[in-house]
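One structure is given here, and the rest of the page talks about it.
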Amino acid sequence: MAKNIIFCFDGTCNEPADAEQEKALFGIGGPKDNGITNVLKLHLLFGGDLRSGTTTRPQMSFYFSGVGTYGSRLEKLRNILFAPADEDVGDIIRRAIKTLLKHYEEGDQIFLFGFSRGSAIARRFAAVAPSILQAQGIAKPVFRFMGVFDTVASINKPNLTRAEDKPGSDVIFENNTLSSAVEEVLHLVSMDEHRVSFMPTLINEDKRVTEVWFPGAHADIGGGYRYDGLSDITLEFMTEEIKRRQLGLTVLKPSDVKYNELGDSDEIKITYDDLIIQPNYLGKNHEQSARTHIKGAFLGPRTVRVLNNNIHSSTEATVHHTVVDRIYDDEDYYPESLEAENLKNPYTDNYPQINVWVSSDEKIKFNSLEELKRTGRRPLQTLGVGESKVHRIYANQVFNHSGLLFKAGQNYLFTIDMNQTWFDSDIDCDPAGWDRKQELGAIKSFIVKGYEHERRHSKAMWFAAIGTVNRTDEGNFEILKHATPSTAYPVTVDGEFYTYANDLLTYYKNNMGWIEVEVKRLN
Numbered sequence: 002m003a004k005n006i007i008f009c010f011d012g013t014c015n016e017p018a019d020a021e022q023e024k025a026l027f028g029i030g031g032p033k034d035n036g037i038t039n040v041l042k043l044h045l046l047f048g049g050d051l052r053s054g055t056t057t058r059p060q061m062s063f064y065f066s067g068v069g070t071y072g073s074r075l076e077k078l079r080n081i082l083f084a085p086a087d088e089d090v091g092d093i094i095r096r097a098i099k100t101l102l103k104h105y106e107e108g109d110q111i112f113l114f115g116f117s118r119g120s121a122i123a124r125r126f127a128a129v130a131p132s133i134l135q136a137q138g139i140a141k142p143v144f145r146f147m148g149v150f151d152t153v154a155s156i157n158k159p160n161l162t163r164a165e166d167k168p169g170s171d172v173i174f175e176n177n178t179l180s181s182a183v184e185e186v187l188h189l190v191s192m193d194e195h196r197v198s199f200m201p202t203l204i205n206e207d208k209r210v211t212e213v214w215f216p217g218a219h220a221d222i223g224g225g226y227r228y229d230g231l232s233d234i235t236l237e238f239m240t241e242e243i244k245r246r247q248l249g250l251t252v253l254k255p256s257d258v259k260y261n262e263l264g265d266s267d268e269i270k271i272t273y274d275d276l277i278i279q280p281n282y283l284g285k286n287h288e289q290s291a292r293t294h295i296k297g298a299f300l301g302p303r304t305v306r307v308l309n310n311n312i313h314s315s316t317e318a319t320v321h322h323t324v325v326d327r328i329y330d331d332e333d334y335y336p337e338s339l340e341a342e343n344l345k346n347p348y349t350d351n352y353p354q355i356n357v358w359v360s361s362d363e364k365i366k367f368n369s370l371e372e373l374k375r376t377g378r379r380p381l382q383t384l385g386v387g388e389s390k391v392h393r394i395y396a397n398q399v400f401n402h403s404g405l406l407f408k409a410g411q412n413y414l415f416t417i418d419m420n421q422t423w424f425d426s427d428i429d430c431d432p433a434g435w436d437r438k439q440e441l442g443a444i445k446s447f448i449v450k451g452y453e454h455e456r457r458h459s460k461a462m463w464f465a466a467i468g469t470v471n472r473t474d475e476g477n478f479e480i481l482k483h484a485t486p487s488t489a490y491p492v493t494v495d496g497e498f499y500t501y502a503n504d505l506l507t508y509y510k511n512n513m514g515w516i517e518v519e520v521k522r523l524n
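Under the numbering used here, think of the first position of the sequence shown as 2, with each following residue one higher.
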């Protein structure tokens with residue numbers, strides 16, 4: 002029986018131990034801003050574990066920790082700085098090929114995932130593995146799909162300072178062309194990384210390739226921070242594309258992962274909190290900024306472009322809609338890479354348009370950051386009578402933007418599956434929210450009672466699903482009270498429909514999960 006074989010190559014210094022939240026220096030302050038990457042999260046969501054042995058099953062996932070996590074302390078440092086292709090990197094590729102030889106049977110589907118140098122390793126692996134297998138008398142394998150996060154193939158000493166031509170870094174493959182053995186590839190790229198030594202290794206234009214730029218620095222795309230709202234955007238995008246493309250991969254829900262069975266010992270600290278996906282386009286951006294002249298020499302904006310035969314082409318690049326959303330909702334966000342001068346084609350002096358990925362079926366265009374600032378947010382959607390749309394409410398968002406325009410005089414019906422669960426810190430509840438008398442002891446209940454009047458909707462339960470028109474708490478309402486035609490919500494003012502979980506304004510960072518609501522226009 003054919004099976005799925007998955008290889009997950011992590012980024013430099015990234016490993017499962019990153020899940021442990023170390024305290025800041027001398028124990029002062031909160032935990033350090035570190036976490037596991039999207040590659041490790043995917044491995045676990047594919048049903049993989051961190052045990053030394055493997056079992057044969059219809060879907061097998063193999064995880065390889067990143068460059069710099071092997072050998073002695075001195076060897077690790079050397080691999081981090083220079084990544085010699087014949088040592089750490091080469092060893093990872095050789096081990097992956099041996100794993101493939103051990104488990105591959107004709108008809109199996111192979112999938113590759115990677116981040117940073119791990120992405121470069123995945124791309125190199127796809128290039129060399131077919132000929133090695135053929136040399137062993139095995140039919141040439143086909144790589145069904147490759148999903149990579151912000152490839153930075155800085156193998157051997159990377160370029161460290163700016164030059165006339167921005168460095169592409171010395172790489173372990175000859176050019177930016179995708180291996181012919183790969184059927185589809187999705188490459189998610191950082192818009193805001195400024196380190197010159199981390200310039201992205203893009204993939205040449207090809208009908209098999211989808212390359213999309215996202216807000217955030219290098220690890221805001223591939224993961225590795227505790228504050229992972231931005232990297233959860235790319236993780237969600239990757240999992241949704243896996244489903245949309247009907248690749249045949251099984252992706253678990255974070256709640257279905259058996260955390261107590263992940264490793265051979267109790268040293269594995271990965272929990273549900275590490276795997277839950279909570280995208281936040283206004284999440285912390287770990288972009289580097291130049292604080293000194295010397296440091297500034299090592300920094301510079303990336304060039305948003307598409308490569309054709311390793312050359313900057315006139316083809317329009319694609320950015321994710323969260324780039325645009327952040328530009329409109331965060332007045333401090335100003336991605337230099339979208340300034341007109343940075344979009345300029347160096348060969349034609351033309352300024353190609355930029356595509357905005359709204360969905361797989363919807364794209365819009367703009368010419369520059371200056372134009373985006375001038376023209377404002379894209380038009381809102383107006384539902385027709387009887388038309389509906391599913392909207393997701395994230396518990397950690399102060400306001401969830403729906404993109405739906407409500408007009409005075411219209412009536413709307415809301416349908417919510419009450420089997421859904423989200424989390425107010427360590428309290429889980431359904432979309433109706435939770436009652437302090439049932440969830441808390443007498444002392445805590447008394448304390449919490451004193452804050453109830455400060456809830457954004459003072460009369461609704463903690464964590465009840467709340468709706469509002471326009472970005473304000475004035476006129477907010479409990480969504481579940483408008484679930485039948487006779488109790489439909491009557492719109493009294495024109496504006497965009499927003500949602501949130503009912504909480505104190507200052508406590509959204511400890512919220513987790515999301516629920517979905519179907520919004521239907523009745524008249």
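Every residue gets a Cβ at the ideal spot worked out from N, C-alpha and C, and that includes glycine. If you're wondering where the values come from, they're calculated on a predicted model, not measured in any experiment.
Query                                                                                                                                                   : Result
In the DSSP assignment, the alpha helix (DSSP H) including phenylalanine 238 goes from what residue to what residue?                                    : 230-245
Quick one: grab the DSSP three-state call for phenylalanine 367.                                                                                        : strand
Please list the terminal residues of the continuous beta strand (DSSP E) segment that includes alanine 127.                                             : Careful: alanine 127 lies outside any beta strand (DSSP E), inside the alpha helix (DSSP H) at 118-136.
State yes or no: is the C-beta of valine 197 within less than 7 Å of the C-beta of phenylalanine 114?                                                   : no
State the start and end residues of the unbroken beta strand (DSSP E) segment that holds aspartate 527.                                                 : In this structure the chain extends from 2 to 524, so residue 527 is not present and cannot be described.
Taking serine 527 as the reference, give the member of Lys141, Ile222 and Tyr105 with the closest Cα.                                                   : In the structure as shown, the chain begins at 2 and stops at 524. Residue 527 is therefore absent and cannot be evaluated.
Buried or exposed: which applies to valine 153, given that a residue is buried once 16 or more other Cβ atoms fall within 10 Å of its Cβ?               : buried
Of all the options Lys99, Ser338 and Asn309, which has the alpha carbon lying nearest to the alpha carbon of tyrosine 348?                              : Asn309
Would you check if there are 3 or more beta carbon pairs closer than 8 Å linking the region 3-12 to the region 94-105?                                  : yes
Measuring only the C-alpha atoms, how far is aspartate 330 from proline 131?                                                                            : 47 Å
Please state whether DSSP places threonine 202 in a helix, a strand or coil.                                                                            : coil
Run through the DSSP bridge pairs and tell me what histidine 188 is partnered with.                                                                     : Val149 and Glu212
Between which two residues does the alpha helix (DSSP H) containing isoleucine 444 stretch?                                                             : 443-450
Could you give the DSSP three-state label for serine 487: helix, strand or coil?                                                                        : helix
Less than 7 Å between the beta carbons of serine 66 and phenylalanine 47, yes or no?                                                                    : no
Taking 6 Å as the cut-off, does the CB of glycine 225 come closer than this to any heavy atom belonging to the ligand MN?                               : This structure simply doesn't include the ligand MN, nor any ligand for that matter.
Rounded to a whole number of angstroms, what is the C-alpha to C-alpha distance between aspartate 166 and leucine 370?                                  : With a pLDDT of 44 at aspartate 166, under the threshold of 50, the predicted position of this residue should be treated as unreliable, and no value is reported.
Taking 7 Å as the cut-off, decide whether the C-beta atoms of tryptophan 435 and isoleucine 428 are in contact.                                         : yes
Distance check for alanine 127 and glutamate 497, CA to CA, integer angstroms please.                                                                   : 46 Å
Mind checking which residues open and close the alpha helix (DSSP H) that includes alanine 220?                                                         : 219-223
Based on Cα-Cα distance, which residue from Val391, His402, Asn503 and Gln439 lies nearest to glutamate 519?                                            : Val391
I'd like the span of the beta strand (DSSP E) that includes histidine 321, first residue to last.                                                       : 318-321
Taking its Cβ as the centre, do 16 or more other Cβ atoms sit within 10 Å of leucine 161, making it buried, or is it exposed?                           : Here the model assigns leucine 161 a pLDDT of 40, short of 50, so the residue's position is not dependable and the matter cannot be decided.
Which full runs of the alpha helix (DSSP H) of 4+ residues lie inside the region 240-286, going along the chain?                                        : 273-276
Report the rounded CA-to-CA distance for threonine 272 versus phenylalanine 150, giving the unit in angstroms.                                          : 23 Å
Select from His313, Tyr64 and Glu268 the residue whose C-alpha is nearest the C-alpha of asparagine 177.                                                : His313
Classify lysine 158 as buried or exposed, calling it buried when 16 or more other Cβ atoms lie within 10 Å of its own Cβ.                               : A caution first: lysine 158 carries a pLDDT of 42, below 50, which makes its placement in the model unreliable, though a value can still be read off. It counts as exposed.
Buried or exposed: where does leucine 51 fall if 16 or more other Cβ atoms within 10 Å of its Cβ makes it buried?                                       : buried
Buried or exposed: which applies to phenylalanine 447, given that a residue is buried once 16 or more other Cβ atoms fall within 10 Å of its Cβ?        : exposed
If I measure Cβ to Cβ from alanine 409 and keep anything under 8 Å in the same chain, skipping five residues before and after, which residues do I get? : Val492, Thr493, Val494 and Asp495
With C-beta atoms as the reference, is lysine 366 less than 7 Å away from asparagine 356?                                                               : yes
Would you call glutamine 279 buried or exposed, if buried means 16 or more other Cβ atoms sit within 10 Å of its Cβ?                                    : buried
Name the DSSP bridge partner or partners of glutamate 519?                                                                                              : Val391 and Thr416
Under 7 Å, do glutamate 107 and alanine 136 count as touching if we go by C-beta distance?                                                              : no
If the criterion is Cβ atoms closer than 7 Å, does the pair histidine 483 and phenylalanine 415 meet it?                                                : yes
What three-state label does DSSP hand asparagine 343 in the structure shown?                                                                            : helix
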